[in-house]
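Using the working numbering, the first residue of the sequence shown is number 22, and each one after it goes up by one.
By construction, the Cβ of each residue, glycine as well, lies at the ideal position given by its N, Cα and C atoms.
Let me begin by presenting the structure, written as structure tokens, before commenting on it.
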Amino acid sequence: MHDILEGVCRYDLALFLNYFIDKKYLALIDVNTRIRSFRYSHKDNINKPVEITEQNLKNKAIIISSAEMLLLVRHFCLIIGSFIPQEDECWQLVILLKQIIDITTSSRVHCETYHLLDTIINEYLTLLNSKFPGKIKPKHHFLIHYARIMKLVGVLWKTNCIRYEGKHREGKKTSQATNSRVNISRTIAIKHQLLLNYRLQYNISSCHLLTLGPVAQKNVREIPFVNNCIIPFQVEFNILVAKWICYNNNIINKRAVIVTFNEEGIDFYFVHTIIINKEQNDFVILTKRMLQCYLDEHVQSYKIYDNTCFEWVYLTKNNLFDFVVTHCVRLSESENYIVKKWF
């Protein structure tokens, strides 16, 4: 977290933006307009990056929180990619930085991924030193060791301290809201124990496999394709439809795109309706499987070439063993992209 999100990304994104603005590809107001109007996923809305100021670029460092920086880097190629020429070398640095972030923040990786990470980091640092001599900082040097550490301990994201910082924030908020400074540690400890007691008393846990959002009744005739598919539980005339569900710590709603992986490649499913069976604690997700989606390397996302080319498919728990939830972004009337996301 401190090496990349609060180190390398802060300095390098400011460096790249200054370069693009000097090249007249875009202006700072264009960047901020895109950041402000960009469509983030339901889960990411709470950490939307703030606008970049002229002072940030002047100081050559974009000072935002780690969660905001992570979101900004993940979507940076989509946010300003349409302004930048394909052949620009600096844009290759942006793509390489995003790939480094994708791998280091992934919660699941292949056991040989450290080879790929080592190659990308070496290519990134070599190109950075060639394009911007003298801009290498000590935190860039730390990146060299990431591949070796991944080989030794596995997933790097599980060694970061962002969750500890989030836990510390609870105590900080308590201390700021307390008028008395007499034995402030005891005050924070009491508040912490009261919150823990509340969670235990009302059985509030973040470990539930399935959590349901608001549920409403709907006529089965209003939902396409349901009568033509075999659903694992009985569907009556009126069915229960959920606004959203949280399954295996993934929030799935009508805006979501479910990505599954198989031997033939990647499948993209646009969520249409979430049908609930409360008695069996089960669900079925009615989706549109998009048939013409291909990776656009320039913006590091999957472009949908034909919105009308799809087939109706329903997904159950059995289909969601290996999946990622992402979302679709519309850049113009004819350009729709699915955000590329690792685990």
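When the alpha-carbon of T281 is set against those of A35, T308, K264, the nearest one is in T308. Contact check between the region 341 to 354 and the region 278 to 292: three or more CB pairs, one atom from each, fall below 8 Å, which counts as touching. Taken through DSSP and simplified to helix, strand or coil, I359 comes out as strand.
Look at F344 here: in three-state DSSP terms it is strand.
Look at V130 here: in three-state DSSP terms it is coil, with no helix or strand label.
Shown here, K264 sits in coil according to DSSP, grouped into three states, outside any helix or strand.
Under the three-state reduction of DSSP output, V236 falls in the strand class. Within 10 angstroms of the beta-carbon of G187 lie fewer than 16 other beta-carbons, which makes it exposed. Straight through space, the alpha carbons of E356 and F289 are spaced by roughly 16 Å. Judged by DSSP in its simplified three-state form, S353 adopts coil rather than helix or strand.
In the structure shown, D303 falls within a strand segment according to DSSP collapsed to helix, strand and coil. Around the Cβ of I266, a 10 Å sphere holds 16 or more other Cβ atoms; the residue is buried. Secondary-structure assignment with DSSP links D317 through a beta bridge to S322. In the three-state reduction of the DSSP assignment, A277 falls in the strand class. With a beta-carbon spacing of about 19 Å, K299 and L341 fall beyond the 8 Å limit used to define contacts.
One alpha carbon belongs to E133, the other to D123, and they sit about 15 Å apart.
For the pair of segments examined, the region 134 to 150 was found to touch the region 167 to 181: the number of CB pairs separated by less than 8 Å reaches three. Just measuring C-alpha positions, the residue of R95, L221, I244, L36 sitting nearest Q120 is R95. When secondary structure is reduced to three states using DSSP, D24 falls in the coil class, being assigned neither helix nor strand. The beta-bridge partner set that DSSP reports for N204 is empty. Only residues of its own chain outside the window of five on either side were considered, and among them Q321, S322, Y323 have a CB closer than 7 Å to the CB of K361, listed in chain order. For H63, there is no enclosing beta strand (DSSP E), as DSSP marks it with neither H nor E. Taking every protein chain shown into account, the CB of S201 has fewer than 16 other CB atoms within 10 angstroms, so this residue is exposed.
In this structure, V130 places its C-beta atom within 7 Å of the C-beta atom of V176. Close CB contacts of T208 within its chain, under the 8 Å cut and outside five residues either way in sequence, are with T195, S196, T199, S201 (chain order). When the alpha-carbon of A210 is set against those of Q222, E191, Y223, R220, the nearest one is in E191. Rounded to whole angstroms, I100 and L92 show a C-alpha spacing of 11 Å.
As computed with DSSP, Y32 is found in no beta bridge at all. Close CB contacts of N150 within its chain, under the 8 Å cut and outside five residues either way in sequence, are with K156, I157 (chain order). In the DSSP assignment, R310 forms a beta bridge with Y290, E332.
Distance from F304 to I297 at the Cβ level is roughly 5 Å; contact confirmed, criterion being Cβ atoms closer than 8 Å. Note on the region 62 to 105: whole alpha helix (DSSP H) runs with a minimum of 4 residues are 75 to 79, 87 to 101, in chain order. For a cut-off of 8 Å, the C-beta gap from S103 to E27 is around 28 Å, too long to register as a contact. A distance below 6 Å between beta-carbons, with the five flanking residues on each side excluded, links A263 to the following residues of its chain, in chain order: L233, G234, V236, I295, I297. In this structure, the beta-carbon distance from D33 to K160 does not fall below 7 Å.
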